[in-house]
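Below: the structure, in structure tokens.
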Amino acid sequence: MPEQRRVVALQFHASANEWREHARALLADDVPPENIDWVGPDDRGLFDTAPADVPTHTSTAHSPSPSPRRTPGPSDVARASRTTPRVPRDFVDALPWFLSHSDPQRFALAYRMLWRIVHGEPRLLERITDPDVFRLRDMHSAVRRDHHKMKAFVRFREIDAGDGAPAFIAWFEPTHYIVDLASTFFAKRFTSMRWSILTPYRSVHWDGDALNFTPGASKSDAPDDDRLEALWRTYYVNIFNPARLKTDAMQREMPVKYWKNLPEAQLIAPLVRDASRRMDAMVDAAPTQPRKRFPAPAPLPQPIAADDLDALRIAARACRACPLWEPATQTVFGEGPEDAETVLIGEQPGDQEDLAGRPFVGPAGQVLDRALGELGLPREAMYLTNAVKHFKFEPRGRMRLHKRASVAEQNACRHWLDAEIRRVKPRRIVCLGATAAQAVFGRDFALLRERGRWIELDAHTRAFATVHPSYLLRLPAHEQDAGYAAFVRDLALLRDAA
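This is the structure we're talking about:
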């Protein structure tokens, strides 16, 4: 006796969950693909008069009548979940995509592949030359393309919702059943808007909190124009470049089938038609020579009140005396007690200091903290600053590599350092690195020759210089211990002078 056929009537165009419910029950009953007729919503009329002896069922109505091949019910689904073999993750992930294809055979293809996977072909998806696999991949790609086009070509129009709050409607005609797949993108992209996207088979609405789905609509349900579209068309005309016109490439990215619903599309034909004339006019026109531009002179530093570090810090944020402020994240000013007896001056902020807005918080700062800790010198009792207040760097891929500030850039920052020293009035100054030492002792100062010895600046203040902690980090591994020991010996001058 031939196997009795099954008719599976699906309520939704592209519901992977609904299809999976039926597929599990059918697998549990060991029903082969050739004995199943899958009927989507658009095919329902073909089976309105199905023979009485052909089991027909949907995902919400299960026949309780006994029969040799009865309709899957809740118990069947539960049993199937326990007995159905595991399938590859790639197949499960692809289901929502190729079930959204408009091919009426998509449900049958999916079940046929599932049947093959659990009946001896677990690695079926790896056989890309298999006709079923090739077809699945092709359908998957087509749906993804349609999904991408929907995200690109949906155009919202503002409407009066009657409650005073703005609302927006878009009409779109997808090739495949992708509304459910694309709806989460629009909910995340336009979270603060109330909007609806109408399509011929299904519509989606966002109220600011949740997505709601309703049956399909007609184009007449969406407005034809709104007050912003004239501005959009003006913008499109002005960005159209006839010299870069590539009609074939444009039609690949913006297929003609979408033009009827795009406000700018009505301009494409005349713009393309006029492109040649505009190109000739550009060639015939005499070239224009731009006026030579000279950089504006750097503003002279204004007198700064030396008795208020907070005022200095605020003023430094607005400094434009050199170009270093443009690529930097922020000004990195000094920090510490205003009456500190010791001021430590570095060269310039590094990458982490630029992001944090504080001096000596990166790797070099950690070396300095370690050395001060070994000597019993509390960092919090000192005022720490830099000779240059902005991070100068050279982009290298995703990294920002430190670059030495030029003499002009160092001089532009000099008055900020002088103002800090005048306000703090330290008894001792430590210059970390050549840039800091030359800012205090002059351009002729030779760091490696003069390091580690006190130099009187005036009757109240004396200073010495040593290497910058970052110098130690750049030393070869076999030299780092000796370099660090010499650095600590230099800083010990502070402890001995206390």
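Taking full-length UniProt numbering, the leading residue of the sequence shown gets 1, the next gets one more, and so forth. The beta-carbon is built from N, C-alpha and C at its ideal position, and this holds for glycine as well.
Nearest residue (CA-CA) to residue i, options the options
i           : options                   : result
V7          : H22, A16 and A14          : H22
R414        : R137, A316 and R155       : A316
W454        : P349, T435, I429 and L475 : I429
P255        : L472, W115, T435 and A152 : A152
residue 503 : F168, R144, G336 and L473 : Given that the chain is displayed from residue 1 to residue 498, the structure contains no residue 503 and the question cannot be resolved.
W416        : R427, H390, A463 and L355 : H390
V332        : L198, G346 and E341       : G346
W38         : D93, R106 and I159        : R106
E253        : L368, H148, D30 and R89   : H148
P104        : L309, E158, A9 and S218   : A9
H205        : P223, F168 and D224       : F168
Counted within 10 angstroms of its Cβ, other Cβ atoms place residue i as buried (16 or more) or exposed
i    : result
E338 : exposed
N212 : exposed
D146 : buried
G442 : exposed
K392 : buried
R400 : buried
P32  : exposed
P215 : exposed
Q4   : exposed
T184 : exposed
E394 : exposed
F156 : buried
E34  : exposed
A412 : buried
R202 : buried
V343 : buried
G120 : exposed
G350 : buried
A463 : buried
S63  : A caution first: S63 carries a pLDDT of 33, below 50, which makes its placement in the model unreliable, though a value can still be read off. The residue is exposed, with fewer than 16 neighbouring Cβ atoms inside 10 Å.
Limits of the alpha helix (DSSP H) - the one that residue i falls within
i           : result
I421        : V407 to V424
A436        : A434 to F441
D160        : D160 -> not in any alpha helix (DSSP H); beta strand (DSSP E) instead, spanning R157 to D160.
residue 510 : Given that the chain is displayed from residue 1 to residue 498, the structure contains no residue 510 and the question cannot be resolved.
R489        : A477 to A497
P469        : P469 to R474
Contacts around residue i, its chain only, beta-carbon distance under 8 Å, and the 5 residues preceding and following it disregarded
i    : result
L375 : V488, L491, A492, L494 and R495
L114 : A23, L27, V87 and F91
F172 : M150, F153, V154, I197, L198, T199 and N261
P166 : E158, M193 and R194
R451 : F464, A465, T466, V467 and D490
H460 : K425 and R427
Contact set for residue i: own chain, Cβ-Cβ below 7 Å, skip 5 residues either direction
i    : result
A16  : L95, P96 and L99
G334 : P359, Y383, L384, T385 and E420
H101 : M139, A142, V143 and H176
A437 : C431, F445, L447 and A465
Cβ-Cβ separation, residue j to residue i (assumed contact under 8 Å), whole Å
i    : j    : result
A182 : M139 : Incorrect: roughly 17 Å between the Cβ atoms, too far for contact.
P359 : L384 : 5 Å
E409 : V388 : 6 Å
A405 : L324 : 7 Å
A110 : W19  : 7 Å
D180 : A14  : 6 Å
L125 : R116 : No, L125 and R116 are not in contact; Cβ-Cβ is about 10 Å, not under 8 Å.
Span of the beta strand (DSSP E) around residue i
i    : result
I36  : I36 to V39
W171 : P166 to W171
E394 : F393 to R396
V7   : R6 to A9
A463 : R462 to T466
M399 : M399 to H402
Y383 : Y383 to N386
Own chain, CB closer than 6 Å to residue i, minus 5 neighbours either side, in chain order
i    : result
Y258 : F153
R69  : In this predicted model, R69 has a pLDDT of only 40, less than 50, meaning its place in the structure is not dependable; the value taken from the coordinates is given anyway. So the list reads Q4, once near-sequence residues are dropped.
R313 : F333
Chain B within 9 Å of residue i, Cβ atoms only
i   : result
P32 : Within the model displayed, chain B is absent; a lone protein chain is all it includes.
Residue i Cβ short of 8 Å to the ligand GTP heavy atom set
i    : result
R277 : Of ligands this structure carries none, so the ligand GTP is not represented either.
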